[in-house]
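Just so you know, the sequence shown maps onto residues 567 to 780 in our numbering.
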Amino acid sequence: MFTGIIQAIGTVKDIQIKGDFARIAIEHKGGLSGINIGDSVAADGACLTVVKISASHFEADISRETLLLTTFGSAKTGGKVNLEKSLTPSTPIGGHFVAGHVDGVGFIKRKTAEGNFAMLDFEVPGELQSQIAKKGSVAVDGISLTVADIIEYGFRVAIIPHTLQNTTLSRKHEGDRVNIETDVLAKYVERFLLAHKRHGINETFLKEHGFLKG
567 MFTGIIQAIG TVKDIQIKGD FARIAIEHKG GLSGINIGDS VAADGACLTV VKISASHFEA
627 DISRETLLLT TFGSAKTGGK VNLEKSLTPS TPIGGHFVAG HVDGVGFIKR KTAEGNFAML
687 DFEVPGELQS QIAKKGSVAV DGISLTVADI IEYGFRVAII PHTLQNTTLS RKHEGDRVNI
747 ETDVLAKYVE RFLLAHKRHG INETFLKEHG FLKG
């Protein structure tokens, strides 16, 4: 589990396809001090397990599914990635709960500057759009962001200067692909509603499930 608050920007030093998985080496220059073999690290929002470490970099294996469902399928040496260590009981929760399970890949449809801020429009797969709400939370390349508005093909966010300076978003351009993870609460709400859609939600249903008294 993560919070979506980026702790370091890493550099992909090597990525090798090994049959149905890949081994990736990411340099963090000490920005993830204290990690150990077996720890979880979010790289651009994808939860990876550390299998090898040194003072300045770590290595992890990426499954075939992760390669298919995230931007790591097209990762290249020299690319920059957002990094975050996994949540501990003493970790401040400055963002929102991020599982590290990427739901799909979107892309930047529009990027404009408004003073010191940046406005970004993201296009996301259709099946994810119902899980994103205005003023709700969404993780983009592992970054916890608040949705400013819902648009026809996805959502819009306003990026503050601190986030621009301390994540890879400052390097992103229109057309760039990004990993998207919707809020876990939105997933459960959608599943709940779909499961009961054929029965309808009425007064009796709401009373049975504790939403109404009497």
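Even glycine gets a Cβ: it sits at the ideal position worked out from N, Cα and C.
Sequence-distant partners of I571 (beyond 5 residues in either direction) whose C-beta falls short of 7 Å from its own C-beta, in its chain, are E650, G660, G661 and S710. Linking P727 to G681 through their CA atoms gives a straight-line distance of about 10 Å.
Here L614 is bridged, per DSSP, to V607. Its Cα nearest to that of E593, the residue T643 stands out among T643, L686, H667 and V671. When the Cα atoms are used, H775 and L598 turn out to be separated by approximately 45 Å.
Just so you know, the alpha carbons of P655 and A621 end up roughly 25 Å apart. Counting other Cβ atoms within 10 Å of its Cβ, Q582 stays below 16 and is therefore classed as exposed. Counting only runs of 3+ residues, the beta strand (DSSP E) found wholly inside the segment 640 to 727 occupies 646 to 651, 670 to 680, 683 to 689, 703 to 706, 709 to 717 and 720 to 725, in chain order. Pairing I698 with H739 gives a Cβ-Cβ distance that is not under 8 Å.
Rounded to the nearest angstrom, the Cβ distance from V668 to I746 is 7 Å, consistent with a contact under 8 Å.
E756 has its alpha-carbon roughly 10 Å from the corresponding atom of V750. Here A705 has G570, G611, V664 and E747 as same chain residues with Cβ atoms under 6 Å from its own Cβ, once five neighbours each way along the sequence are excluded. Judged by their CB atoms, T734 and V723 are not nearer to each other than the 8 Å cut-off. Secondary structure of Q573 (DSSP, three-state): coil. Here Q582 is bridged, per DSSP, to R589. With fewer than 16 other CB atoms across the displayed protein chains lying within 10 angstroms of its CB, I603 is exposed. Around the CB of T632, 16 or more other CB atoms lie within 10 Å, so the residue is classed as buried.
Spanning the alpha carbons of F758 and S696 requires a straight line of approximately 13 Å.
The beta carbon of G596 sits closer than 8 Å to those of A621 and S622, all from its chain and outside the five residues before and after it, given in chain order. Non-local C-beta neighbours of L694 in its own chain, meaning closer than 7 Å and more than five positions away in sequence, comprise D669, G670, I746 and T748, ordered along the chain. Taking 8 Å as the cut-off, the Cβ atoms of F568 and L653 count as close. Of V647, D715, R737 and N732, the smallest CA-CA separation from E689 is found for D715.
Under the three-state reduction of DSSP, A761 is assigned to helix.
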